[in-house]
Amino acid sequence: MTVRVPLTIDDAVAALHDAPESVLLAGGTDLLVATNAGHRRFDQVIALDRVGELRRWSLNTLGTSLFVGAGVPYTTLMGEPFASLAPALSQASRTVGSPQIRNAGTLGGNLGTCSPAGDGLPVLAALDAIVHLRSSAGERTLGFSEFMVGVKRNARAANELITGVTLPILTGWQGYSKVGVRNAMVIATASSCLAADVPNRSVRVALGSVGPVIIRCTDAEEWIVSRIDWDAAAVTQADVDEFGERCAAASRPIDDHRSTASYRRHAVRVLASRQLRRAFPNG
Amino acid sequence: MAEPRTIARERPGRIGDSVLRPDGVEKVQGAYRFSSDLPVEGALWGATLRSPHPSARIVRLDVTPAWAIPGVETVITAADVPGLATYGLVQPDQPVFASDVVRYLGEPIAAVAADHPETCRRALEAIIVEYEVHEPLVDPERAIDGSHPPIHPGGNVIRHQRVLSGDPSVVGDIVVEGDYEIGMQDQAFLGLEAALAVPDPGAAGVELHVATQWLHEDQKQIAACLGLPASAVRLVLGGVGGAFGGREDLSLQVHICLLALRTGRPVRVHYGREESFLGHIHRHPARIWMRHHADRTGQILKIEARFVLDGGAYASTSHAVLTNAITHTQGPYRCENAVVDGWAVRTNNPPCGAMRGFGVVQACFAHESQMDKLAAACGLDPVAIRLRNAMRTGDRLITGQVVESVAPVERCIRETDALALPDEPIGGRFDDPMRLPGGAGLTADRSHIRRGIGWGVAVKNLMFSEGFDDYATARCELADGVATLKFATAEVGQGFITIAPQIARTLLGIDDVVVDRIDTGIGSAGSTSASRQTWMSGGAVDAACRKVRERLFEHVGGRWAVDPLRLVIEDDSVVDSLDPDRRITVSEATAGRRFAETVEFRHRPTQPLDENGQGDCHTAFAFVAHRAVVDVDPDLGLVKVVQIATAQDVGVALNPLSVIGQIEGGIAQGLGLAVMEEIVMRDGRMLNPSFTDYLLPTFLDMPPVLTTLVEEPDPQAPLGAKGVGEPPCISVTPAIVAAIRDAIGRDLHRVPVRPHDICL
Amino acid sequence: MAELYRLTVNGVDHDVADAWIGESLLFVLRERIGLLGTKGACEQGECGSCSVLLDGELVCSCLVLAAAQTGRSIVTIEGIAPEGSPTDVQQAFVEAGAVQCGFCTPGLIMATQRLLERIPAPTDTEIREELSGNICRCTGYGRLVSAVVDVARRRAEGDRG
């Protein structure tokens, strides 16, 4: 029985190389829930919360992309400069759990767990984030859509450490909306992230909690591009409604104790429509 | 709003003052010991094996693999229960451990004691149980129609009771009806079930430190199952982290005592949250049909109703919950004619029993929904229809009982109506998204939101009903100017330990009052439930202090050679009322002397209902009105409650700060039932036994509460004060639902209201 | 490492021996170190009763793996008023009637202390959002908000005075 507390990424990767069966511990907000319930037992833990490098973030030299270390807690992501550079990420971070959870929980943990209800994930999907993985063999990167492969399943190999994500800095409105029954501390019943990339004339939408993975609404995205008056930031109400329908059509929700499939489909239709209207307020 | 009165007088701490909790400082420092905070050197941990099926026959039970695990000290099953194999509050129909069949998911089958919780967990996993799984009975109607074979020797109907009043053939010009559904609510006290059992040498008896609502009832049931005399089972109240009805039934008590007696060592048992959901009773889910007949002015002429309460696998207090539900069909309104049919049935769902409001919550949601339908049909507003029918003292209920309590229904409604509506626009002056439905989820803009206002008014019976011999015991000892109070009244957070000394100070003219340990070392105080302890234990403390005061006056009268009847307490002294210069402080008068009196206080007798539901079954009543303002996102079905206004009939506010606390806390629980709290069941399985998925209101879900205390002392009550615990959580639920209906313009007939009920 | 590790709680080092590796900080604080003021009510980070400060940040101790916390500063309810006299926050909770059963209280005291460090004069909405991770089942939150407002006001008056 061991707990390793590496201080550098290299040490963490080495520890993982030595014992790839180890459990990786980030903020603990998923792992300890399972452990407390007796659903998980383990003998080897690598605790990542003191790897200072994982808490770093940086802008590239052109200011076109943002790297966020896997260990940056949500509380940090809620504030500046993230609120300006990647507002959707900031908004999503504010909806995660409680203040206590946001102090401990990290984007890396969200990626490691890969729940369809993970609040950070629709943002990463909508922004086509790149996930950085490191092993003793070196670094590997995957697009988010390649990374998340199922309910709580991802493409991380046992000897790999998630070190962070790279997000594009977009020009245009972006936002994250989440439906839950309570006004705080609630798991998403349905969520949506919409990001407009005005210079490139594109709109990206990703939905959470309405399928086994985060769902990109590519049909709706492609359809809406030509219907937007990009210079006037305008779109007709009929097109807003149709956009919502197309997003809802992409969802694959189920009935469970938190809600029904029909409500979830309805909710993402409303969320995507409202977000499109916020992005293009005119018309 | 009613701000608690500040303590201005020279000698604070009397009745009517907002005295601070005596345990407050310990609690804010984390020094207060709850029943989970009682570590003892050498204590073992206990844990319980529970059925994974709602209905099954146990084909094989083999505990030997658990014994083989290092650290396991004992394993017990039904075969190890030395006394009565079953227990229960009203009838002993629930096995300590299931032996032949299991009747709900979570039913205890075995228990272990070991050196570490993790060892316990592994031991439970090692126990072999083979089941023959049966189709569970989960539809209460099938329990009534007899289409499912009996799941218990007691049959599938726990109680069937009618209330027939007046002329059943009356038909009104205006008739409104509806079907209503109430989901299963959980008490969700924060302090999980926990206890410490310490065996006596030679296993002759046991001392149990436990969080409960009624020490003596626990003692009686435990002793019967252990096959010991009650005197061998001594209970001490462990610190109680909330109760709300959920600790009235036994949970871990018999198991832990058996483990301690078996091992000869102290044992601690702590439930986790999931086990707590499985291990205690819940509020009865209900289906209610109700039809109101009225004349064109809106006066109610007749009510018809049918109640079906799902009692789950065992009876618990279903019998009494049904009484409350059907006898409160009319709500706080006059009505002479009624035809009510009530069923409490047995299913393979979790057992249901007491929760704050106890049957009246269910009835009130139906009758208040009906009142709004009636108002609409008569062209009246929600306030007018309620004032038109408001009950008064002297009115005859549908049970034939005459309301003798002070009944300020009209005043509660008018005082509530007089409280100011919110003056800020939707989203607040700064259009803060956190103040919109959906909050930080940023789901809506102000333009998407509609506001609604709704009303609810309730009557709640106080104390136990139907002929139960209800009493409370208290002792007061006065010596050297210090009063010591002893009672077995469970302090669960409500603040009896605050008001009991207030009573003693007021009557005895002293400052120093000590509350002795709360345990079974004195007679029963009855249950901390049914809004009864202020009246009952308060009455007992009041009576004991009065008797002690008589003894004090006899003593002083003897010294002064005057008639004791001339003596009074003024400030801190005994004073001769005919010669006010003659006075002696109580401290001086009691120096070196000791006066002690023990009193059993009873409320007036009640009667069981007859076959037609007639009889003076209730002791007294309290009344309350609620007005809710909500903001709703009609497209997403999300709700934010913006304000609750309330006026409550409290008789006398013995401690206004405590009363406000009860009112605000009760409202939060009623809000929870209105919009989020429900144990979701499917095929006898609980789908959300955790705080991740059983949602409780947070700081961001509770609005400001405006409160007016309606103080009309009730001459029946020993201190003029009515119990205040239950009324706040009763009519706020229908008020919130009415406000949602008002905002969206469509009918809603079940609680909790779910987003899809609003928008799909 | 899990066989023996050292935690620094309220400035005092505690050696934890023979612990199971999966034990939460909550369990170790209560059962191995004997600090019972921190309460557990959900084991899932959904109630805030177990809130402590870890290197100055508010976290749910039920979700912290104890064995990985060597060298960090852990502050519990027992450690915020070392002299034994209540802090202004604690005093305000008692006086405002913010305590009933008291089970959520230690966690709420920790959360409030941290809130007022970060935001000395919070708005009503800020109070509610910052404390929204702490469930209280008894009070309905009204007296709790009132207690927080009282402390903020008194501190502001004290600063001016």
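Protein chains in written order, with this note's numbering: chain A, 1 to 283; chain B, 1 to 760; chain C, 1 to 161. Where a beta carbon is used, it is the ideal one built from N, C-alpha and C, also for glycine. If you're wondering where the values come from, they're calculated on a predicted model, not measured in any experiment.
With the cut-off set at 8 angstroms, would you say Cys104/C and Leu237/B are in Cβ contact? Taking 8 angstroms as the Cβ cut-off, Cys104/C and Leu237/B do not qualify as a contacting pair.
Three-way DSSP call (helix, strand, coil) for Pro564/B in this model: helix
By a C-beta neighbour count over all protein chains shown, 10 Å radius and 16 as the cutoff for buried, is Ser465/B buried or exposed? By the neighbour-count criterion, in which 16 or more other beta carbons inside 10 Å mark a residue as buried, Ser465/B falls on the buried side.
Taking Cys364/B and Ser731/B to be in contact with their CB atoms under 8 angstroms, please state how far apart those CB atoms are, rounded to whole angstroms. Between Ser731/B and Cys364/B the Cβ distance is about 5 angstroms, and since that is below 8 angstroms, they are a contact.
Proximity to Leu35/C [Cα-Cα], best of Leu63/C, Glu57/C and Gly79/C: Gly79/C
Please name the residues in the segment 42–69 of chain C whose beta-carbon is closer than 7 angstroms to at least one beta-carbon of chain A, in chain order. Glu43, Gln44, Gly45, Glu46, Gly48, Ser51, Glu57, Leu58, Val59, Cys60, Cys62, Leu63, Val64, Leu65, Ala67 and Ala68
To the nearest angstrom, how far is the alpha carbon of Ala8/B from that of Thr399/B? Because the pLDDT at Ala8/B is just 41, under 50, the model does not fix this residue reliably, and the value given afterwards should be weighed accordingly. Cα-Cα distance, rounded: 46 angstroms.
Check whether the Cβ of Val680/B lies closer than 8 angstroms to any Cβ atom in chain A. So yes, Val680/B belongs to the interface.
In this structure, does DSSP put Gln362/B in helix, strand or coil? helix
Under 8 angstroms: do the segment 258–271 of chain B and the segment 289–298 of chain B share three or more Cβ pairs, one atom per stretch? Touching, no.
Can you check whether the CB of Leu374/B is closer than 8 angstroms to the CB of Gly764/B? Outside the displayed range of chain B (1 to 760) lies residue 764/B, so it cannot be described from this structure.
Using only the alpha-carbon positions, how far apart do Ala79/B and Val129/B sit? 15 angstroms
Same chain, Cβ closer than 6 angstroms to Thr6/B, neighbours up to 5 away in sequence not counted: Note that Thr6/B scores a pLDDT of 41, beneath 50, so its modelled location is shaky and nothing firm can be said.
For Met536/B, name the three-state secondary structure that DSSP assigns. Residue state for Met536/B is assigned as helix, using DSSP reduced to three classes.
Below 7 angstroms CB to CB, which residues in the same chain sit around Ala2/C once its five sequence neighbours on both sides are set aside? Any reading at Ala2/C is ruled out, since the residue's pLDDT is 47, under 50, leaving its predicted position unreliable.
Please name the residue, chosen from Ser115/A, Leu54/A and Ala267/A, that lies closest to Leu636/B on a Cα-to-Cα basis. Ala267/A
Pull the bridge partners of His367/B from the DSSP assignment, please. None; His367/B has no bridge partner.
Selected residue, minimal CA-CA separation from Glu404/B, among Cys412/B, Glu410/B and Gly394/B: Gly394/B
Quick one, are the C-beta atoms of Pro149/B and Tyr104/B less than 8 angstroms apart? The Cβ atoms of Pro149/B and Tyr104/B lie no closer than 8 angstroms to each other.
Taking Val485/B as the reference, which of Val599/B, Pro580/B, Glu125/B and Ser276/B has the closest Cα? The sequence given here has Leu at residue 485/B, not Val. Nearest option by C-alpha distance: Val599/B.
Any C-beta of chain B under 8 angstroms from that of Asn10/C: no
Which of helix, strand or coil does DSSP assign to Met290/B? Residue state, collapsed to three classes: strand.
Do Gly166/B and Ala366/B come within 8 angstroms of each other at the CB atom, strictly closer than that value? no
Which class does Phe277/B belong to by DSSP, given the choice of helix, strand or coil? helix
Shorter than 8 angstroms from the beta carbon of Asp23/B to some beta carbon of chain C? yes
Is there a Cβ from chain B that is less than 8 angstroms from the Cβ of Arg128/C? yes
Cα-Cα separation between Pro689/B and Arg346/B, rounded to whole angstroms: Distance between the alpha carbons of Pro689/B and Arg346/B is about 21 angstroms.
Run the proximity test for Ala363/B: is its beta-carbon closer than 7 angstroms to any non-hydrogen atom belonging to the ligand MN? The ligand MN is not part of the structure shown, which contains no ligands of any sort.
Since Ile74/C and Gly37/C should fall inside the 8 angstroms C-beta cutoff, what is the C-beta to C-beta distance between them, to a whole number of angstroms? 13 angstroms between Cβ atoms; not a contact.
Which listed residue (Phe42/A, Gly27/A and Gly105/A) has its alpha carbon closest to that of Val3/A: Phe42/A
Between His28/B and Gln113/C, is the Cβ-Cβ spacing less than 8 angstroms? For the record, residue 28/B in the displayed sequence is Val; it is not His. No, the pair does not count as a contact, with Cβ atoms beyond the cut-off.
Apart from the five residues just before and just after Val340/B, which ones in its own chain have a Cβ nearer than 6 angstroms to its Cβ? Val163, Ala305, Ile326 and Thr329
Between His772/B and Asp742/B, how many whole angstroms is the CB-CB distance? I'm expecting something under 8 angstroms. Because chain B here runs from 1 to 760, residue 772/B falls outside it and cannot be looked at.
Is the CB of Ala625/B under 8 angstroms away from at least one CB in chain C? no
Quick check: is the beta carbon of Gly142/C nearer than 8 angstroms to any beta carbon in chain A? no
Identify, in the order they occur along the chain, each residue of the same chain with its Cβ nearer than 6 angstroms to the Cβ of Ile135/C, setting aside the five sequence neighbours on each side. Cys47
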